[in-house]
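Quick note, the sequences are listed as chains A and B, same order.
Per this note's numbering, residue 125 is the first one in the first sequence, and the count goes up by one each step.
Per this note's numbering, residue 20 is the first one in the second sequence, and the count goes up by one each step.
We put the beta carbon where it would ideally sit given N, CA and C, even for glycine.
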Amino acid sequence: MAERDSLRGKVAVVGAADTAVGKVPQFSATGLCVDAARRALADAGIGKQQVDGLVTCNAFAEPYMYHAEAIAEYLQIDPRYCVTAVAGGGTTFSILQNAAAAIAAGVCETVLVTMADSLRSGLTREQAMLIQSSTGHPEFEIPYGPTVPAFYALIAQAHMHRYGTTPEQLAAVAVSGRKHAMRNPHAQMREPIEIADVLASRMIADPLHLLDCSLVSDGGAAVVLTSAERAGDHPHAPVYLLGFGEGHSHEHISQARSLTTSAAVESGRRAYRMAGLGPADMDLAWIYDCFTPVVLIELEDLGFCAKGEAGAFVAEGHTGLGGQLPMNTNGGLLSYCHPGNPGSLFGLTEAVFQLRHQAGERQVGGAETALVHGQGGIMSSHATVILGREAQ
Amino acid sequence: MGDPRDARPVPRPTPATAPFWAACREHRLLLQRCPACQAYQFYPRTLCSACLAHEPEWVAASGRGSVRSFTVIRHPVSPAFADEVPYVLALVRLDEGPTLMSVLRHCAPADVTIGMPVEVAFEERRDEVSLPVFRPAAGD
Ligand SMILES: [Zn+2]
C-alpha cells in the first residue's frame, strides 16, 4: 500500500490562466486550447521549451485521434510525457493526479495541462444533438430517449424523495453561483437572478428547469505544474497540491448502487487523508455544478454537511462570499462557463487565483486552502484535489 | 421519408445480450442468475459480476418492480422523440433486485411516484426489436 501522504506538497501549480469564455467565435477549439497554453506559460514566466509534459482533453468541436500529440505538434514542443484525457468532468480532472505522480516520480519536470472546447460556436446543431443523444448505454438506455438533464433529474428526484429537498433549494444553487458571476467580469452570465426566476424558467426534465442546467460555452483553461523544489522560480507564489483522491462507482446511471450518495465520499476521504486536512479546514470550494442537484450531493458526500442537509445549507447562504464555505466563486459551470470536457479545470484555475489572492472583487479574504471537486459521466467518476499556499 | 419515429435508436444485440432481445421479441423478460453465487444481474453479461463465474443462467423475471426514480422529459433528445414528449423516463427496480432504465406508459406524468408498483409491457420498434417498457401494476 502506498503511503497515504505520498504526493502531499510535492507538486505545485506555478502558472494558471483561462481564455476568454462564453461566446468566442474567433477561436476554434484548437485555437482556444493553444491560447490557454500560451497564457498559462506567460503566467508561469516560462517558455515552451521548458515544457516536457503535456496533458490535454479531446474536443467535440475539433477532435483528433491523438489530441495531446496534435497540440504538441501545433505548439512545436516534444514532450516526454503526453496524455489525452478522453472523457469529461471527473476524468479530465483525475488526470491531474497522474501528472503530479509523473512529476514526483521524475518522469518529467514541468507539465502543461491545457483543455478547451468550442461547444457554443464550433458545433453544428446536428453535432450538438449527436453529443447529447449518444450519452447513455447504447443498448439499455439510449433506445428510451433519455437526455443528459434527464439523467441528472433522476438523481434529483431521488434526493428530493429521500431527504425532502425542494426545487427552491436546487434553485438556490444556481442563485449562489450567479451572485459570484456578477463579481466576475469575464463570466458568461451576469444578470442577477432570484429563486423565482429559476423556478419560472422552462422545465427541461422534472424537477430541473433551464436555470438548473449549466451553460454551453466556448473556452479553455490551462495550468503549469512542477515540483515543489522548482516552484519558487516563477513570478507568482506557488499553489501546492496537498491531496488527491478519486472514486469511480459506475458508468451508467441505471447501474448506480445509490442515486443519492456518490463516489465523492471515497474521493473526498482519500484527498483529505493525503492532505491531513478535513472539510472544516477548507476556506473555499469549487464543486462541479453541471446541474444543481449534483452540488447538493457532492457537498454532503465531501463532508461539508450531513446527508440530506445540503439544500438548506445552500439556501441559508453558507456558500456565498463571507459564508461558511464560499463556493464556485468564479460563477461555476452554471454562470461562468461550461465548455464540456474541460469544465473542472476552471475550478482549478479559480482556486489558484483565490489562493494567490488575485481574485479581485470575488476574493475570499485570507484564503489559505481550497478544495476542487470534479465529476464526470452521470455521477460516475469523481476526483478531488486539495490545494494550499503552504507545502505542508 | 417515413415516420420520424423510425429514427429512434434500437439496440444492437451482442453475443451476450442476444438471448435477452430474442425473449423480448416473444414478450418475455429475462434476467441472468449465477449458478455459483445465485446473484441476479442486469444488464446481461458474459460472466457474473458478483463472483466472475462464467455462464450465468437465463431465468424468467417476474416482470414486476417499483419505480426507483423518474423524470418527465419535456425537451426531446432528438426529433425522433418529438412526438413522445412529455414522456416518463424511469429507473425500475425489479422485484428480483436489479435496476433497469425504461419508460412508463399508460400513466399520466403527474401520477407517477417513487415506489409505485409497475409491471413490464413490450413495445415494437423497427428492425424486429421489442423494447421492455413499464406500466402501473394491475391491482391484485
Ligand atoms: Zn456469481
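Give me the DSSP bridge partner(s) of residue i.
i, result
"Ala346/A", "Ala141/A and Thr238/A"
"Tyr106/B", "Ile92/B"
"Pro309/A", "Pro309/A pairs with nothing; no bridge assigned."
"Ser85/B", "Arg112/B and Pro136/B"
"Pro151/B", "Phe141/B"
"His506/A", "Gly371/A and Gln499/A"
"Arg52/B", "Tyr59/B and Glu76/B"
"Val389/A", "For Val389/A, which the question treats as bridged, DSSP gives no partner whatsoever."
"Thr65/B", "None; Thr65/B has no bridge partner."
"Ala494/A", "Leu408/A and Leu511/A"
Below 7 Å CB to CB, which residues in the same chain sit around residue i once its five sequence neighbours on both sides are set aside?
i, result
"Met125/A", "Any answer about Met125/A is weak, because its pLDDT of 44 lies below 50 and its placement is not dependable; what the coordinates show is given next. Within the same chain, Met125/A has no close Cβ partners at all."
"Ala280/A", "Leu294, Pro331, Leu332 and Pro417"
"Ala387/A", "Gly371, His372, Ser373 and His506"
"Leu383/A", "Leu278, Ile279 and Ala282"
"Ala99/B", "Pro23, Arg24, Ala26 and Arg27"
"Ser380/A", "In the sequence under discussion, the amino acid at residue 380/A is Ala, which differs from the Ser named in the question. Ser373, His374 and Met503, listed in sequence order."
"Ile219/A", "Val179, Val207 and Ala209"
"Ile227/A", "Val135, Glu233, Val235, Leu349, Thr350 and Ser351"
"Asp146/B", "Val29"
"Glu143/B", "Ser149"
Within this structure, are the beta carbons of residue i and residue j separated by less than 8 Å?
i, j, result
"Pro117/B", "Gln57/B", "no"
"Arg132/A", "His304/A", "no"
"Leu423/A", "Gly392/A", "no"
"Tyr62/B", "Phe415/A", "no"
"Arg244/A", "Lys147/A", "yes"
"Ala141/A", "Asp167/A", "yes"
"Arg463/A", "Gly343/A", "Per the sequence shown, residue 463/A should be read as Pro rather than Arg. Yes, the Cβ-Cβ distance between Pro463/A and Gly343/A is below 8 Å."
"Leu113/B", "Gly84/B", "yes"
"Ser152/A", "Gln312/A", "no"
"Ala298/A", "Asp336/A", "yes"
"Val363/A", "Leu479/A", "yes"
"Val509/A", "Leu472/A", "yes"
"His261/A", "Ser378/A", "yes"
"Gly455/A", "Asn222/A", "no"
"Val137/B", "Val78/B", "no"
"Met549/A", "Asn465/A", "Residue 549/A falls outside the range modelled here, since chain A spans only 125 to 516, and no answer is possible."
"Ala80/B", "Glu115/B", "yes"
"Val131/B", "Val107/B", "yes"
Return the chain-ordered list of same chain residues with a C-beta closer than 6 Å to the C-beta of residue i, the five sequence neighbours on each side being excluded.
i, result
"Ile201/A", "Lys172 and Val175"
"Gly498/A", "Gly213, Gly214, Phe217, Tyr412, Ser468 and Ala507"
"Ala42/B", "Leu49"
"Arg44/B", "Ser149"
"Leu495/A", "Met406, Ala409 and Ile510"
"Val322/A", "Ala295, Ala298, His333 and Leu335"
Given residue i, which residues of its chain have a CB within under 8 Å of its CB, disregarding the five upstream and five downstream residues?
i, result
"Ala171/B", "Residue 171/B is absent from the structure shown; chain B starts at 20 and stops at 159."
"Val104/B", "Ile92, Arg93, His94 and Pro95"
"Gly109/A", "One cannot answer for residue 109/A here, as it falls past the ends of chain A, which runs 125 to 516."
Chain-ordered residues, beta carbon under 6 Å from a heavy atom of ligand 3: Judged by which ligands are present, ligand 3 is missing from the structure shown, whose ligands are ligand 1.
Secondary structure, alpha helix (DSSP H): runs of 4+ residues fully inside the stretch 189-223 of chain A: Taking 4 residues as the minimum length, the alpha helix (DSSP H) runs contained wholly in the stretch 189-223 of chain A are 191-199, in order along the chain.
Every unbroken beta strand (DSSP E) within the stretch 406-491 of chain A, with a cutoff of 3 residues, ordered by chain: Residue ranges of uninterrupted beta strand (DSSP E) with 3 or more members, entirely inside the stretch 406-491 of chain A and ordered along the chain, are 408-411.
Entirely enclosed alpha helix (DSSP H) segments - the stretch 316-365 of chain A, minimum 4 residues: Runs found: 319-324.
Inside the stretch 156-184 of chain A only - beta strand (DSSP E) runs reaching at least 3 residues: Counting whole runs of 3 or more residues, the stretch 156-184 of chain A contains the beta strand (DSSP E) stretches 177-181.
Whole runs of the beta strand (DSSP E) within the stretch 237-308 of chain A, excluding any shorter than 3 residues: Fully enclosed beta strand (DSSP E) runs of 3 or longer: not present.
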